[in-house]
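Protein chains: 4
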Amino acid sequence: MKKKFTEKQIHILDIAEELIAQKGFEGTSVRDISAKANINVAMISYYFGSKEKMMVNLYQYRVQKTRETFAEFTQTIKDGKPEMQLKEIINFVTKQLFKFNYFHAFVTQELRHQDRVKDTLLEFYQTFTKVLEDVVQKGIVSGVFKRAAKSEDIVSTIIGTIVFTIRNKNYYEIYLKGNDEDYLANAEKKLKNHLNLCVFSLLGYQI
Amino acid sequence: MKKKFTEKQIHILDIAEELIAQKGFEGTSVRDISAKANINVAMISYYFGSKEKMMVNLYQYRVQKTRETFAEFTQTIKDGKPEMQLKEIINFVTKQLFKFNYFHAFVTQELRHQDRVKDTLLEFYQTFTKVLEDVVQKGIVSGVFKRAAKSEDIVSTIIGTIVFTIRNKNYYEIYLKGNDEDYLANAEKKLKNHLNLCVFSLLGYQI
Amino acid sequence: MKKKFTEKQIHILDIAEELIAQKGFEGTSVRDISAKANINVAMISYYFGSKEKMMVNLYQYRVQKTRETFAEFTQTIKDGKPEMQLKEIINFVTKQLFKFNYFHAFVTQELRHQDRVKDTLLEFYQTFTKVLEDVVQKGIVSGVFKRAAKSEDIVSTIIGTIVFTIRNKNYYEIYLKGNDEDYLANAEKKLKNHLNLCVFSLLGYQI
Amino acid sequence: MKKKFTEKQIHILDIAEELIAQKGFEGTSVRDISAKANINVAMISYYFGSKEKMMVNLYQYRVQKTRETFAEFTQTIKDGKPEMQLKEIINFVTKQLFKFNYFHAFVTQELRHQDRVKDTLLEFYQTFTKVLEDVVQKGIVSGVFKRAAKSEDIVSTIIGTIVFTIRNKNYYEIYLKGNDEDYLANAEKKLKNHLNLCVFSLLGYQI
DNA sequence: CATGAATGAGGGTTCATTCAT
DNA sequence: AATGAATGAACCCTCATTCAT
Chain A
1 MKKKFTEKQI HILDIAEELI AQKGFEGTSV RDISAKANIN VAMISYYFGS
51 KEKMMVNLYQ YRVQKTRETF AEFTQTIKDG KPEMQLKEII NFVTKQLFKF
101 NYFHAFVTQE LRHQDRVKDT LLEFYQTFTK VLEDVVQKGI VSGVFKRAAK
151 SEDIVSTIIG TIVFTIRNKN YYEIYLKGND EDYLANAEKK LKNHLNLCVF
201 SLLGYQI
Chain B
1 MKKKFTEKQI HILDIAEELI AQKGFEGTSV RDISAKANIN VAMISYYFGS
51 KEKMMVNLYQ YRVQKTRETF AEFTQTIKDG KPEMQLKEII NFVTKQLFKF
101 NYFHAFVTQE LRHQDRVKDT LLEFYQTFTK VLEDVVQKGI VSGVFKRAAK
151 SEDIVSTIIG TIVFTIRNKN YYEIYLKGND EDYLANAEKK LKNHLNLCVF
201 SLLGYQI
Chain C
1 MKKKFTEKQI HILDIAEELI AQKGFEGTSV RDISAKANIN VAMISYYFGS
51 KEKMMVNLYQ YRVQKTRETF AEFTQTIKDG KPEMQLKEII NFVTKQLFKF
101 NYFHAFVTQE LRHQDRVKDT LLEFYQTFTK VLEDVVQKGI VSGVFKRAAK
151 SEDIVSTIIG TIVFTIRNKN YYEIYLKGND EDYLANAEKK LKNHLNLCVF
201 SLLGYQI
Chain D
1 MKKKFTEKQI HILDIAEELI AQKGFEGTSV RDISAKANIN VAMISYYFGS
51 KEKMMVNLYQ YRVQKTRETF AEFTQTIKDG KPEMQLKEII NFVTKQLFKF
101 NYFHAFVTQE LRHQDRVKDT LLEFYQTFTK VLEDVVQKGI VSGVFKRAAK
151 SEDIVSTIIG TIVFTIRNKN YYEIYLKGND EDYLANAEKK LKNHLNLCVF
201 SLLGYQI
């Protein structure tokens, strides 16, 4: 059962996501959001019921999209070899997280009492873990991977590492060549290389 | 230049850290803090100037301690072999992050406009990176490490992976054996194993 | 000059009266009314101009009906003896007030700045007073009443006493025999007896 | 157990009572009250917790005082003859209701969900009823009263009639001699006469 | 003729902070 | 040095009403 959002709602959610990622949920007032979105203050309550419910909607909206995108993606790689699949997965996840860095900046920090909401993300992580596990298993069977590392650990490392660089921009950019302005692009590239090396060598792949 | 804190200030900071880690900076009122610390509401402003300045102090207080602890730690391993040093570093960092998971739960999410404050953490990360780099370099020279991975990437992976498991308790615990209550202990152990494998194989160490 | 209301308007007014009697004018939102009346929120403004004007209309609607009913009633007793007329008046007023207790629950409490509206009620009270005065006068002349009590005082006592029991249900029901469910019926009966005794003895009627 | 109020609280309650009597509870904003009381808007929440709790306090404050005053009063008449006692009671109640007409203007109309609060008033009415019953009984025994009217009916008539004239000032003043300005004084006097006549004749007292 | 999306005003409450003591 | 009473700003939300359709 997929929830539908109107254009205006999506507009509000996009603005809200950006601000909340920057200043936190409590640090972002509905006035901030409505001002930036050029709408009336009352609209947030009008459209979503309350600020908190808007947050739930935002969460569901983004996670829902993420899951869909991921599901489509898995289709595109389903016939490849494990090593190719793994490479594509790392590439995909990195790209997505960098693209929606807003979202993942707040996804793990807010909604403390909204356990139901957190479950939505949990489910996605589990799906991701399962996909990864199949790839690893297949690689082990075919002999390209020598070490059957646990996929939940790989997931933690992949997502954890990416989120760390996104959130610690001022740290990671020190070690980047190139100008500041395309930090994200450069960081993404560097990171992708690192993660590939990291995961493949973890699995005992002969590089 | 080391800042000194009075006993009362430290008392307040400890309480504040706990509450802020749980409910966020904006989600924690000075009344919450003063109530739990059994002090007057006015004391936060009185001692620190403002709530925000208190946060800066809290930040500095904790990072300062972390740096001191890390400095002491590096002394204890300075004479070991690189592979031993690396193992100890992973062990130390994991232990520290799990021990002060409070702190690291809020360290990256709050104080968004406080760039001076972020610099404090940045410096620590740089120190950490430098230490790691020396170890890697030494290992390359001595031949135990075959691949000179970038230490900033290793830092990102180590810290990123740990923080991810701390913040996504509900995900990671699914894959843990043992009862729920010592999640942190179990997670720490599992994670340590994973990180060792991960970093060592990344460096081309023959396990 | 009699104002006409459309069926839809009357529908709205009936719902509004009920809600306002329960929750007060300010306590009743146009959304409450429109929801219960199964109409659009905008309809109240659309039909009556504003919520306040709707209230004026409601008031006029009910007082107008009350006056008409009272006028009809006076016709039915115009040929009786004074003592019979008085008895009938007490009976009628009690019955009406109990029947439309909704209305009289809010009639004296709302519309504070709407003096024009209050005048509508005032006129009715004056009419009532005049009718009563004629009855008393006739009774004095015929000798059945020995004391020419002021009719405005009698009005105050009749209406005041009735309204008191309606609004202090929890008090008056303590002294009532019978079950709780037909409080109004029992209270009305008890009250009617009391008022008859009260007014007749006030007028010096030999019971 | 008697609740104490500070001077500032009483100040607020007095202002609030006046405004609420005029415009109703929901019609009176905390900003109205704070403006008229020359205090900060936040003070109502600060002193009472919320607007609604302020109302509960106001209610208790006034009813409490009323009960105390009534208790003192009953002491002063305890040795008189029944007819004197009855006269004094009517005099006292009339005077009190006119004096605190603010209070009794809102006492029966607000606090719809506050049943506990209504009980406070109920108790007072019951006390009043009991006192009256003793007087009537004593008069019956001594032979000055010939008819044992129910005291709850007498209470309804006394209070109902008074409240009616207070709330329908524009009606009752038509029948008053004298200028408008001392309406209350004149009305009180006229009403007292009427009530005496009314109650005494009801009890069959030979005037 | 009737609607529902959208608005601005104002609602009560909570907040961090100040200041007289 | 420390307090608690008091403040004004800002919070989220609900309101009656408007207006394009």
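Residue numbers (full-length UniProt numbering), protein chains in the order written: chain A, 1 to 207; chain B, 1 to 207; chain C, 1 to 207; chain D, 1 to 207. For each residue, glycine too, the CB sits at the ideal point set by N, CA and C.
Asked: Proximity winner among B:N193, B:Y61, B:N196, B:R147, relative to I10 (chain B) (alpha-carbon distances); Found: B:Y61
Asked: Through-space distance from Y125 (chain D) to S45 (chain C), alpha-carbon basis; Found: 43 Å
Asked: Element boundaries [alpha helix (DSSP H), containing V163 (chain A)]; Found: 151 to 167
Asked: Span of the alpha helix (DSSP H) around F92 (chain C); Found: 82 to 99
Asked: Distance, F25 (chain D) Cα to E152 (chain A) Cα; Found: 59 Å
Asked: Interface partners of I142 (chain B) on chain A, CB under 9 Å; Found: It is Ser, not Ile, that sits at residue 142 (chain B) in the sequence shown. Those within 9 Å of S142 (chain B) in chain A number zero; the least Cβ separation is about 19 Å.
Asked: Host alpha helix (DSSP H) of F5 (chain C) (start-end); Found: No alpha helix (DSSP H) holds F5 (chain C); DSSP gives it neither H nor E.
Asked: Minimum C-alpha distance to K192 (chain A) - residue among A:K95, A:G204, A:K118, A:A42; Found: A:K95
Asked: Near-chain C residues of the stretch 8 to 30 of chain D (beta-carbon distance less than 7 Å), N- to C-terminal order; Found: Q22, K23, G24, E26, G27
Asked: Near-chain B residues of the stretch 156 to 172 of chain A - C-beta to any C-beta below 8 Å; Found: S156, T157, I159, G160, T161, I162, V163, F164, T165, R167, N168, N170, Y171, Y172
Asked: Alpha-carbon spacing of F73 (chain C) relative to Q206 (chain D), whole angstroms; Found: 35 Å
Asked: Backbone secondary structure at D32 (chain A) - three-state DSSP; Found: helix
Asked: Coil, strand or helix - K130 (chain A) by DSSP; Found: helix
Asked: Chain-ordered neighbours of D153 (chain A) on chain B, where CB pairs are closer than 7 Å; Found: H194
Asked: Spatial distance of I77 (chain C) from L195 (chain D) (CA atoms); Found: 28 Å
Asked: Pick from B:S142, B:K118, B:K4, B:I159 that is closest to F128 (chain B), judged by C-alpha positions; Found: B:I159
Asked: Neighbouring residues, chain B, relative to L122 (chain A) (Cβ below 9 Å); Found: N168, N170, Y171, I174
Asked: L132 (chain C) at chain D interface by Cβ criterion, 8 Å; Found: no
Asked: Closest residue to G49 (chain C) among C:V136, C:V30, C:K65 (Cα-Cα distance); Found: C:V30
Asked: 6 Å CB neighbourhood of M54 (chain A) in its chain, flanking five on each side removed; Found: I44, F48
Asked: Residues, ordered as in the chain, of the stretch 46 to 77 of chain C that lie near chain D by beta-carbon distance below 7 Å; Found: none
Asked: Partner residues on chain D for S34 (chain C), Cβ-Cβ distance less than 7 Å; Found: Simply none; closest approach about 19 Å.
Asked: Proximity of A187 (chain A) and E173 (chain A) at Cβ, strictly below 8 Å; Found: yes
Asked: L58 (chain A) to K36 (chain B) span [Cα, whole Å]; Found: 33 Å
Asked: As assigned by DSSP and simplified to three states, the class of G139 (chain D); Found: helix
Asked: Q206 (chain D), DSSP secondary structure in three states; Found: coil
Asked: Identity of the residue in B:E123, B:I90, B:S201 nearest V144 (chain B) by Cα; Found: B:S201
Asked: Exposure label - T157 (chain D); buried when at least 16 CB within 10 Å; Found: buried
Asked: 7 Å Cβ shell around K51 (chain A) - same chain, five flanking residues per side excluded; Found: V30, I44
Asked: Coil, strand or helix - A37 (chain C) by DSSP; Found: coil
Asked: As assigned by DSSP and simplified to three states, the class of V199 (chain D); Found: helix
Asked: Where E17 (chain B) falls, given that 16 or more other Cβ within 10 Å makes a residue buried; Found: buried
Asked: C-alpha gap between V199 (chain B) and E7 (chain A), whole angstroms; Found: 46 Å
Asked: Contact set for A148 (chain C): own chain, Cβ-Cβ below 7 Å, skip 5 residues either direction; Found: V136, I140
Asked: is_contact[K99 (chain C), chain D] using C-beta, thresh 8 Å; Found: no
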